[in-house]
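Residue numbers for the sequence shown follow the numbering used here, beginning at 1 and rising by one. By construction, the Cβ of each residue, glycine as well, lies at the ideal position given by its N, Cα and C atoms. These numbers come from a predicted model, not from an experiment.
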Amino acid sequence: MELIIMAALTVANRRLHNSRLIGAPFENSDAVVKWLGAMQSQDFAGAKWAIAQRTRNVTDADINNLFNDGKILRTHMLRPTWHFVTPADIRWILELTAPRVNAANAYYYRKLGLDDVIFAKSNAALTEAMQGGVQLTRAEILQVYKKIGINASGLRLAYLVMRAELDAIICSGALRGKQFTYALLEDRVPRAKQLQHDEALAQLAKRYFAGRGPARVQDFAWWSGLTTTEAKAGIETAGLLHETIDGKTYWFANGQTAAAKFKTPLIHLLPNYDEYLIAYKDHSPVFDATLLKGRFTIDALMAQIIVLDDKIVGGWRRTIRKNEVTITAKLLVLLDKTEQIALHLAAERYGRFMGMPVVLL
């Protein structure tokens with residue numbers, strides 16, 4: 001394998017480019033999800049904004065339409081949380097990663113008295129109730145369980161539904177107003193030839209490092225939920241390249257050695273759980289350690305992240321009112337005049353995405 005020695009300062013820059021936050025945007029929102037393989041999406045609104053920042057001139061309503069049409073799906077995979085995924089990728093990623101998610105959930109399965117007999121019964125009931133394209137809300141699924149005598153109160157409902165997702169029985173359906181629904185996976189995604197285990201490992205590694213590299217083995221294992229041994233096997237089979245930076249080994253896809261150029265200053269208002277941050281176990285390349293020393297708190301970053309060029313410099317919060325959206329920024333640095341203009345431009349872009357006037361505080 002080729003070995004390249006490079007400066008550590010380019011890691012964040014290249015991640016910014018490879019995750020497509022800079023450079024040519026995608027023309028279609030589902031192409032973003034395809035490029036990244038899967039995108040963490042338990043915050044539905046934030047995940048749509050993450051897609052939009054990588055797509056040309058897309059609105060919140062546009063992404064809702066794609067989601068309702070099943071061009072972008074949402075389900076539990078990789079780790080015990082929701083992810084956006086395309087129909088072409090949902091089955092093989094589930095087959096690869098669901099066993100690890102079930103292993104992570106095993107403690108709660110036992111604590112809640114859920115076992116394979118109950119899961120088989122609950123899955124069969126959902127399959128029957130949702131025949132013919134029926135899509136159900138979580139409250140309606142609760143009633144399905146009650147009819148067959150399964151107690152689905154509290155956390156039991158969450159883990160029963162999650163297990164049905166992991167078993168490839170159900171996935172996201174169309175929005176019903178503001179309510180989420182579930183659909184049979186068979187209705188959303190016809191069965192297709194599945195990847196062999198080693199092939200799936202390699203494919204997931206390629207997607208991860210192409211869209212997020214340079215990154216370490218530990219980062220890939222964290223993001224995918226795979227063991228370190230599996231992560232290394234996927235990297236090896238995928239034929240990725242690696243670099244040594246400050247004594248650490250970083251992996252990346254072929255052709256991704258150069259630092260990207262962009263006009264500075266550039267500010268991104270990233271959502272919580274954006275892949276630029278959440279996809280790594282080691283966040284040090286995107287933080288200024290001196291700046292954040294003793295100040296890295298949830299309150300300081302407000303969950304949603306402000307990125308100046310390629311470094312995190314603060315957090316932001318949105319408040320949606322009837323006729324406008326207010327963005328409140330909390331910064332760990334003082335912005336100069338051109339950086340303040342960049343912040344206002346980022347806020348205006350969010351307003352266009354929401355289709356509402358924006359007020360920046």
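Asked                                                                                                                                                               : Found
Within its chain, find whatever has a CB closer than 8 Å to the CB of W92; leave out the 5 residues flanking it on each side and keep chain order.                  : Q194, L195, A200 and Q203
What residue range does the beta strand (DSSP E) around G351 cover?                                                                                                 : Premise fails: G351 lies in the alpha helix (DSSP H), K337 to M354, not in any beta strand (DSSP E).
Which residues bound the beta strand (DSSP E) around M77?                                                                                                           : L73 to M77
Could you have a look at L136 and say whether DSSP puts it in helix, strand or coil?                                                                                : strand
Can you list, in chain order, the stretches of the beta strand (DSSP E) that have 3 or more residues and sit fully within the region 24 to 57?                      : none
Below 8 Å on the Cβ atoms is my contact criterion, and I expect N384 with Y182 to pass it. Report the Cβ-Cβ distance as a whole number of Å.                        : With the chain running from 1 to 361 in the structure shown, residue 384 is simply not present.
In terms of alpha-carbon separation, which member of L335, I312 and V359 lies closest to E324?                                                                      : V359
Could you name the residues that DSSP lists as bridge partners for T97?                                                                                             : Paired residue(s): none; T97 is not in a bridge.
Starting from R163, trace the alpha helix (DSSP H) in both directions and tell me its first and last residue.                                                       : L155 to L166
Would you tell me roughly how many angstroms separate the C-alpha atoms of A45 and A61, rounded to the nearest one?                                                 : 11 Å
Closest to G70 by C-alpha separation, out of F180, A253 and F26, would be which residue?                                                                            : F180
Which residues in the same chain as A205 place their Cβ atom closer than 6 Å to its Cβ, once the five residues preceding and following it in sequence are excluded? : G234, I235 and A238
Could you check where the beta strand (DSSP E) with K311 kicks off and where it finishes?                                                                           : K311 to I320
Output the boundary residues of the beta strand (DSSP E) element that contains Q304.                                                                                : Q304 to L308
With a threshold of 7 Å (Cβ to nearest heavy atom), would I22 be considered close to the ligand FMN?                                                                : No copy of the ligand FMN appears in this structure; indeed no ligand is present at all.
For V333, which of helix, strand or coil comes out of DSSP?                                                                                                         : coil
With T244 as the anchor, note down where its beta strand (DSSP E) starts and where it stops.                                                                        : L241 to I245
On a Cα-Cα basis, can you pick out the residue from R14, L21, R20 and T86 that is closest to V33?                                                                   : T86
Could you give the distance in angstroms between the alpha-carbon of E275 and the alpha-carbon of H76?                                                              : 16 Å
If you draw a straight line from the alpha carbon of I245 to that of R207, how long is it in whole angstroms?                                                       : 22 Å
Of the choices V134, C171, F119 and K178, whose alpha-carbon is the least far from that of I150?                                                                    : F119
By Cβ distance below 6 Å, which residues in the same chain neighbour A52 in space, the five residues on each side in sequence not counted?                          : V58 and F353
Taking I90 as the reference, which of D43, E27 and L184 has the closest Cα?                                                                                         : L184
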